[in-house]
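Residue numbering for the sequence shown follows the working numbering, beginning at 17 and increasing consecutively.
Please read the structure below before turning to the comments.
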Amino acid sequence: MAKLMDILEHFPFDPDKKVPMLIRKQDYSTALYPPNDASTSDNTFTIITTDTFMLGIYELAPGSCFMPLDIHPGDESYYILQGPVVQRSGNGQFCWLETGDGLVMPRGAWHSGHNFTDRKSRILYFIAPKAWDEHIPPAVIPSDEETKYYKGANNDTLPDMSGKIETISREHCTDDLGTFPVDGPSMRETGAIYPVRHLDKLNNIHGTKHPMLLRFITANDFGNFGEMILPAGGYGPRYSEPDKHEGDGAIYCVDGPVTINLDELQESFVLEEGDSFFLPAGTSYQLVNFEAKPIKCVFAITKL
Numbered sequence: 017m018a019k020l021m022d023i024l025e026h027f028p029f030d031p032d033k034k035v036p037m038l039i040r041k042q043d044y045s046t047a048l049y050p051p052n053d054a055s056t057s058d059n060t061f062t063i064i065t066t067d068t069f070m071l072g073i074y075e076l077a078p079g080s081c082f083m084p085l086d087i088h089p090g091d092e093s094y095y096i097l098q099g100p101v102v103q104r105s106g107n108g109q110f111c112w113l114e115t116g117d118g119l120v121m122p123r124g125a126w127h128s129g130h131n132f133t134d135r136k137s138r139i140l141y142f143i144a145p146k147a148w149d150e151h152i153p154p155a156v157i158p159s160d161e162e163t164k165y166y167k168g169a170n171n172d173t174l175p176d177m178s179g180k181i182e183t184i185s186r187e188h189c190t191d192d193l194g195t196f197p198v199d200g201p202s203m204r205e206t207g208a209i210y211p212v213r214h215l216d217k218l219n220n221i222h223g224t225k226h227p228m229l230l231r232f233i234t235a236n237d238f239g240n241f242g243e244m245i246l247p248a249g250g251y252g253p254r255y256s257e258p259d260k261h262e263g264d265g266a267i268y269c270v271d272g273p274v275t276i277n278l279d280e281l282q283e284s285f286v287l288e289e290g291d292s293f294f295l296p297a298g299t300s301y302q303l304v305n306f307e308a309k310p311i312k313c314v315f316a317i318t319k320l
């Protein structure tokens, strides 16, 4: 299996060779983070890493955490596939996240994950526009002892976050798309991270004749991330109305199987649970449900 840094921005294709692609879960690229110390590692599955975003899964063993702290030059969003997990930020925030919850972390936020349970935690992550660059991660990475936490030695020298974390519990609407859960530039300025739990998600509907539920975890200037829920039933299979996006994107199947139909290309693909699909910018597609239950996918789209 290739090293993560060797495939960065080039998996499963080079940026100049983007095509719609079904990516089976058994074809994800695996690695440990960090690769040089299994004792503090998480198990990482890279789904897509290209010039516009990175999508993958990381796993934490029961009772474990990953170290050293991680950081990115892009925003990172989470969807908890199997929780709970406690997400730690270097600024002193510790977010308890259950299965189905989301999280948004701004560019430059130091972070780590902790699993305080007796079962594995699994997290789907989306980083846009870049996961790493020539400056991040830096040559010197702070230890967890240098971050802010209960009776931390450096607490008095680190920023006071108590007045910088915005409240996101109000009911959100279509007009909030682009600035959800908070405005991207202001989030990056403060460094605050935001859990987006079940009742906090921005709910919306795609389509009128054949509506599909969209539940946004993130909708800002760097990317869009959330759930697609397509019900069952109809005269023929239930399907969503065709859509296409200005930016690259991907779909991950949580509860399936689901068929992705590329209506303009007249091609279709079946995603089993845990499979993914890459959508180059401008690709027209729709979801089709042949099951007797609602299907659920997670979307990761750089620009709607």
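Where a beta carbon is used, it is the ideal one built from N, C-alpha and C, also for glycine.
Spatially closest choice to Pro89 from Glu280, Glu114, Lys180 and Phe142, by CA coordinates: From the listed residues Glu280, Glu114, Lys180 and Phe142, the smallest Cα separation to Pro89 is found for Phe142.
Mind the definition here: the stretch 194-209 touches the stretch 163-172 only if three or more C-beta pairs lie below 8 Å; say whether that holds. Short answer: they don't touch.
Which class does Thr224 belong to by DSSP, given the choice of helix, strand or coil? Reduced to three states, the DSSP call for Thr224 is coil.
Taking only three categories from DSSP, how would you classify Gly200? When secondary structure is reduced to three states using DSSP, Gly200 falls in the helix class.
Exposure of Leu287, with buried meaning 16 or more beta-carbon neighbours within 10 Å: Classification of Leu287: buried, given that the 10 Å Cβ count is 16 or more.
Taking all protein chains shown into account, decide if Thr62 is buried (16 or more other Cβ within 10 angstroms of its Cβ) or exposed. By the neighbour-count rule (16 or more Cβ atoms within 10 Å), Thr62 is buried.
Any contact between the stretch 248-265 and the stretch 208-225? By contact I mean 3 or more CB pairs, one from each, below 8 Å. They touch, by the three-pair rule.
With DSSP run on the structure shown, which of helix, strand or coil describes Pro100? The three-state secondary structure of Pro100, taken from DSSP, is coil.
Does the separation of the CB atoms of Glu75 and Gly99 fall below 8 Å? No.
Three or more beta-carbon pairs under 8 Å between the stretch 264-273 and the stretch 293-310, yes or no? Yes, since at least three Cβ pairs between the stretch 264-273 and the stretch 293-310 fall closer than 8 Å, the two stretches touch.
Got a sec? Which residues, its chain only, sit under 6 Å from Asp67 by beta carbon, not counting five neighbours each side? Glu25 and Pro31, listed in sequence order.
On the three-state DSSP scale, how would you describe Thr46? In this structure, Thr46 counts as strand in the three-state DSSP scheme.
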